[in-house]
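Quick note: the sequence shown uses numbering that gives the first Met the number 0, first residue 0, plus one each step.
Down below is the structure, laid out as structure tokens.
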Amino acid sequence: MRNFIVVIFLGLFSTLHCQENYKVSDINLKMLLNANAVVREHHTEIEIENIDDVEIFTYRVVTVLNESGETFINAYENFDKGRVILDQEAVILNAEGDEIRKFKKRDFNSQSNFQNFVLFSDNKVSYLEYTPRKYPYTVIYSSRIRTESSAFLPDWWPVEGYKVSVEKSFYKIINEERIPIRFTERKLDGLAISKEYSKYELDYTAEDIPAKSYEELSPSFRNSSPRLMVALEEFSLEGILGKATNWEDFGKWQYDNLVAGQGDLSGVIVSKVSGLTQNAKTKEEKARIIYKYVQDNTRYIAVMLGIGGWKPYNAQEVDRLGYGDCKGLTNFTKALLASQGIESDYTVIYGGPKRDIDPEFTKMQGNHVILSIPMDNKDDIWLECTSQDAPFNYLGDFTDDRYAVKIKPTGGEIVRTKKYTAEDNLQKTSAEIKINENGGFDATLNRYSYGVPYGDIYLLELQTEDVKMNYYRENWPQFQNVMFDSIILKNDKNDIEFSEKLRFQANRFCSNAGDRLLIPLNFIENFDLTVEKDKNRENPIQILRGKSYQNQFRFILPEGYTVEALPGSKELQTEFGTLKLKISVENEEDTEVILVERNLQIEEGEWAPEKFKKFKDFINQIHHLSNRKAVIAPINKA
């Protein structure tokens, strides 16, 4: 039966190819507007022959309009021991639809699917490499793969990204084995969709989806685009069979088959850790000691062979080798904690840009593993076990504020990781700036970073002096010929605070207006968000994380100078954030000092497109007020 279906499938698309020549001139003009590429057709057909035997057929026709459109060709397949490429072919057409080149399976390039931090991997990618002579051109791509892991049925994404139109997209599941299918629609409303489905089969079609342009500060494409999520009630992962329809059952299956039994430790390491923690008075204190031991004695190297891509190495093996991937190091830390009577939960998550484990649809998800320690009447402690530098209970923007699933003996539990609020994401800066008559200065600056800004900068402490100086020169281009007397950096991992103490000077900061000097009152700019004009905003505005900036600058005037003109204080309060700017003059031993206090808070949130103008006006006001200058003049000329 399978061979018959395969013949029908391949024959169908061979016929389509004969009937269609895919001239670029045949594309509707509305599909070319804002587009870098046009998907003429995309067929995905999944045949479920058995719980551990699935074939996926792909037929894809993409017209590439310019160089940026090449990202949408997607003529590649991943493969490993349990996922085999049976057929793979590509045909290149010119703008008139004439064939100019053909690629058979043997003509595709292959390489490892992971970078050099992966020690062992059998996962590779077979991909088309083609350098066009001119644009536009069209790629007809077809493939057939067989996989043993039905836990990973591909979802359907009828919209493929920004700047790409889709003429036709088809998604079909043939399920003669009659294994019940679970599926859920996300944001398909508004598309031209036709569909047929039953408990065992699906057939979805979308047509005529014009390209959308990316707009600054839009929600991420993955989190906001239409999608059909699909899974089987019964499935196989590298030969391990499972059955689940909810996160509790799915997590129980993962624990029993992937995590349980992997926590063995030698008596030697248990004795060592017991000695290290013997004087610790609390669970948190013990956990800190154990986390530091893992950081000091292991390193991150990924191992992805077969089920090793999902199952952690045994803790005893990680201890012996001194390395592991996120699964192995998390499991090792979990085992060490358990040896001291501390419960912790192996937690699957998406690491990187904010992305959730879908709490409402159960299927194999996630690309990373971290550890959570439940605390009585307190928030969980979160441990990133792959980092040798991250502080205890610090996630940063790699895994913060997103849904994850705890894999527990009793079953899966959906949780949300720590959220860093606008108040948490704080940078505090104070500086004393002695202005000289030539417009240069000598300055002492102190800056403290917390929350996500801490994670952006704390590794600077480990760099060479040259790297540190170049970092400041690149980030402070407003200073000409800046020279550093001292740079003292301190990473306080206990309080999760990074401090910078600098003494430096520059020979040009103020601008001249005759014998007067114009002093920029925003000495250090922490806030760098700018917004371009957008008259016809279509997407919502999203700020993923709020931030706070507290600045205090003391400008000490040169001897014999006085303030001639000073901007007034100002306060802005909007739904997007607040700015409080206070500017004053003080006298200290016959020397005038301009004191600037600037408190800015940008709120996290999502706002409707029609609020874009108000949002842009708020951001522009911040920059306008921050860029104002004071005028100082010699006393006898004032």
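Even glycine gets a Cβ: it sits at the ideal position worked out from N, Cα and C.
Quick caveat, the model's predicted, so the values are computed rather than measured.
field: Start-end ranges of the beta strand (DSSP E) lying completely within the region 47–91, minimum 3 residues
entry: 52–63, 75–78
Continuous beta strand (DSSP E) assignments of at least 3 residues falling wholly in the region 253–310: 301–303
task: Report the three-state DSSP secondary structure of K242 (helix, strand or coil).
output: strand
message: Please list the terminal residues of the continuous beta strand (DSSP E) segment that includes E558.
response: Careful: E558 lies outside any beta strand (DSSP E) and carries neither H nor E.
query: Going straight from the alpha carbon of T463 to that of T183, what length do you get?
result: 52 Å
message: Please report the distance separating the alpha-carbon of I406 from that of D455.
response: 30 Å
- prompt: If you draw a straight line from the C-alpha of I369 to the C-alpha of K271, how long is it?
  reply: 24 Å
query: Do you know how far the Cα of L459 is from the Cα of E504?
result: In the sequence as presented, Glu is not what sits at residue 504; that position holds Gln. Their Cα atoms are separated by approximately 21 Å.
- request: Quick one: which unbroken beta strand (DSSP E) runs of 3-plus residues sit fully inside the region 583–620? Chain order, please.
  value: 590–601, 604–606
message: Mapping the DSSP letters down to three states, classify M228 as helix, strand or coil.
response: strand
field: First through last residue of the alpha helix (DSSP H) which encompasses N474
entry: 464–474
- prompt: Do you know how far the Cα of L85 is from the Cα of N330?
  reply: 36 Å
message: For a minimum of 3 consecutive residues, which ranges assigned as the beta strand (DSSP E) are wholly contained in the region 477–531?
response: 482–491, 496–505, 510–512, 515–519
field: A34 versus E214 - alpha carbon distance
entry: 14 Å
message: Please classify V165 as buried or exposed, where buried requires at least 16 neighbouring CB atoms within 10 angstroms.
response: buried
- request: Inspect the beta-carbon positions of N480 and N506 and report whether they are closer than 7 Å.
  value: yes
field: C-alpha gap between G439 and N490, whole angstroms
entry: 31 Å
query: Thinking C-alpha only, which one of I413, N73, Y349, T244 is nearest D399?
result: Y349
message: Only counting the same chain, and skipping five residues up and downstream in sequence, which positions put a Cβ closer than 6 Å to that of E412?
response: K405
field: Anticipated Cβ contact below 8 Å, N256 with I239, distance rounded
entry: 5 Å
message: What would DSSP say about K643, mapped onto helix, strand or coil?
response: Beyond the ends of the chain as shown, which are 0 and 637, falls residue 643; an answer cannot be given.
query: In the DSSP assignment, what residue or residues form a beta bridge with Q110?
result: V124
Residue range of the beta strand (DSSP E) that includes N222: Here N222 belongs to no beta strand (DSSP E); instead the alpha helix (DSSP H) covers 220–223.
- prompt: According to DSSP, is V158 helix, strand or coil?
  reply: coil
field: Residues near N2 by beta carbon distance below 7 Å, same chain, minus five either side
entry: Residue placement at N2 is flagged as unreliable, the pLDDT there being 48, under the threshold of 50; a coordinate-derived value is accordingly withheld.
field: Sequence-distant residues of its chain with Cβ nearer than 6 Å to K186 (five each side left out)
entry: P225
- request: Give the C-beta separation of Y254 and P408 to the nearest angstrom, bearing in mind that I take them to be a contact with Cβ-Cβ under 8 Å.
  value: 6 Å
field: Where the alpha helix (DSSP H) through G454 begins and ends
entry: 450–456
- prompt: Of all the options F508, E128, D202, which has the alpha carbon lying nearest to the alpha carbon of I172?
  reply: D202
message: Tell me the DSSP secondary structure of R319 in three-state form.
response: helix
- request: Would you mind reading off the limits of the beta strand (DSSP E) that contains S168?
  value: 163–173
field: Nearest neighbour of D318, chosen from L335, K310, G308 [CA to CA]
entry: L335
- prompt: How long is the line joining the alpha carbons of S235 and W252, rounded to whole angstroms?
  reply: 11 Å
field: Beta carbon of E570 nearer than 7 Å to that of K579
entry: yes
message: Buried or exposed, going by whether 16 or more other CB atoms sit within 10 Å of the CB of D295?
response: exposed
- prompt: Within 10 angstroms of its Cβ, does N469 collect 16 or more other Cβ (buried), or is it exposed?
  reply: exposed
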